[in-house]
Amino acid sequence: MDIKYKTYWRKTGLKSKWGDIFLELIAKHNPKSFLEIGVFCGVTSMNICNLLDYLNKGKFTYIGIDLFGEKKNTQNDEIEPKFLTNQKFSNPLKNIYYNLILKEDLNSLESVSNFLKKYNKNINLIKGDTNEVLEKIDLSNIDCVFIDGGHSYNTVKNDLNILYKSLKGKEKVLICDDYGDLSYIPEVRKAIDDFVKSNKLRLNVIKDRFAEIIT
Ligand SMILES: C[S@@+](CC[C@H](N)C(=O)[O-])C[C@H]1O[C@@H](n2cnc3c(N)ncnc32)[C@H](O)[C@@H]1O
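Set out below in C-alpha cells:
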C-alpha cells in the first residue's frame, strides 16, 4: 500500500511499525465512514483521514471523540497515557517547542482541530466522555470503528454495547487496541471477551495487539 503512517512530530498511541500495521488493517475493510474513540493528539486521526481520502477519492467522513482535557464524569479506574499529565515529552526539543514556545496543549480540541483543518469538511470532533456522549451521536453511517478511549472495563463494555446497538443490522468492523499479549490491558481484554461471548461474535487477534470484531 502507498499510504504510510506518519507521526507529524506529535504524539501517538501507534508508534514505529504499529501505525503501518493499523493502516493495512483498516485498508482491508475499505471503510467510508469512520469513528475513532480516543483521538489523543490527532495523529492516528490524520492518518485515517489520509487513507480514507485516498480510498474514497475525497468522499468520506470521520468522527473523533475524546475528553480533550475535560474531566471524566464517571470511573476512577481509567488508564490514560502518562503524557496527558503535564504534556511530557522524552524529546527535549518537543518540550521547548510545544510547552515553552507555542504553549500548545496537543490534546486540546483547538490543537487537534487546527492540525486536521485540511479535512474540516469531512470530520466531526466531539468533546466528551463516551459514557455520556456516544449514545447521543448519529452513528448510522459508520462502517468501521477504532476503540481506543477509556481503558476501564466499564467504559470499554459500554462503548461496545452502544456501538453494537447503534450499528445493528449492518456489517461493521470494530477494532480495539490493547487486547493482545503485546499491549495487554486486563480490563480491556475482559470487557471485549465478555461482549463477544454474550453476543456470540467472532474475534480475530491481529499481530498480538488489536482485536478485530466483525459483526
Ligand atoms: C490511548 S489514547 C488514544 C490514542 C490515539 N487513538 C492514537 O492512536 O494516538 C486515549 C485517549 O482517550 C481519551 N479518553 C479517555 N477516557 C475517555 C472517555 N471516557 N471518553 C472519551 N475519551 C476518553 C483520552 O483523553 C486519550 O486522549
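If you're matching positions, the sequence shown starts at 1 in our numbering and goes up one per residue.
C-beta: ideal position from N, C-alpha, C; glycine also.
Inset, instruction - Taking only the alpha-carbon atoms, compute the straight-line gap between ILE65 and TRP18 and give it to the nearest angstrom. - result: ILE65 and TRP18 have their C-alpha atoms spaced approximately 21 Å apart.
Inset, instruction - Could you name each continuous beta strand (DSSP E) segment of 3 residues or more that falls completely within the stretch 95-134, going from the start of the chain to the end? - result: The stretch 95-134 contains these whole beta strand (DSSP E) runs: 123-127.
Inset, instruction - Tell me whether PHE146 sits in a helix, a strand or coil according to DSSP, three-state version. - result: In this structure, PHE146 counts as strand in the three-state DSSP scheme.
Inset, instruction - Would you check whether ligand 1 has a heavy atom nearer than 6 Å to the C-beta of THR12? - result: Flag set: Cβ of THR12 near ligand 1.
Inset, instruction - Pick out whichever of VAL145, ASN161, TRP9, LYS59 has its Cα sitting closest to the Cα of PHE89. - result: The residue from VAL145, ASN161, TRP9, LYS59 with its alpha-carbon nearest to that of PHE89 is TRP9.
Legend entry - Candidates GLY13, THR7, LYS4, of which the one nearest ILE147 by Cα: Comparing Cα positions, the closest option is GLY13.
Inset, instruction - Can you tell me which of the three DSSP states ASP20 falls into? - result: ASP20: helix per DSSP, three-state reduction.
Inset, instruction - Inspect the beta-carbon positions of GLY38 and GLY149 and report whether they are closer than 7 Å. - result: Closer than 7 Å, so yes.
Inset, instruction - Write down the C-beta distance between VAL188 and LEU35 rounded to the nearest angstrom, noting that I regard them as a contact closer than 8 Å. - result: Between VAL188 and LEU35, the beta carbon gap of about 18 Å keeps them out of contact (Cβ cut-off 8 Å).
Inset, instruction - Within 10 angstroms of the Cβ of MET1, are there 16 or more other Cβ atoms? Answer buried if so, exposed if not. - result: By the neighbour-count criterion, in which a residue is buried when 16 or more other Cβ atoms sit within 10 angstroms of its Cβ, MET1 is exposed.
Inset, instruction - May I ask whether a heavy atom of ligand 1 can be found less than 6 Å away from the beta carbon of GLY58? - result: Answer for GLY58: no, Cβ out of range of ligand 1.
Legend entry - Residue environment, PRO31, which counts as buried when at least 16 other CB atoms sit within 10 Å: With 16 or more Cβ atoms within 10 Å of its Cβ, PRO31 is classed as buried.
Legend entry - Stretch-stretch touch, CB-based, cutoff 8 Å, three pairs: the stretch 48-64 with the stretch 169-181: No: the two stretches stay apart, fewer than three of their Cβ pairs being nearer than 8 Å.
Inset, instruction - In the DSSP assignment, find the unbroken beta strand (DSSP E) run with ILE181 in it and report its ends. - result: For the sequence presented, residue 181 should be read as Asp rather than Ile. Unbroken run through ASP181: none, as it is neither H nor E.
Inset, instruction - Using the Cα positions of LEU100 and ASP20, report the straight-line distance between them to the nearest angstrom. - result: Spanning the two alpha carbons is a distance of roughly 32 Å.
Legend entry - heavy atom of ligand 1 below 6 Å from PHE34 C-beta: Incorrect: PHE34 has no Cβ contact closer than 6 Å to ligand 1.
Inset, instruction - For ASN86, count neighbouring C-beta atoms within 10 Å of its own C-beta (all shown protein chains included) and say buried if the count is 16 or more, exposed if not. - result: Under this definition ASN86 is an exposed residue.
Inset, instruction - Would you mind giving the Cβ-Cβ distance between LEU203 and SER166, rounded to the nearest angstrom? I have them listed as a contact below 8 Å. - result: Not confirmed; about 19 Å, so no contact.
Inset, instruction - Look at GLU132 and ILE162 and say whether their C-beta atoms are less than 7 Å apart. - result: Against a cut-off of 7 Å, the Cβ pair of ILE162 and GLU132 comes out as no contact.
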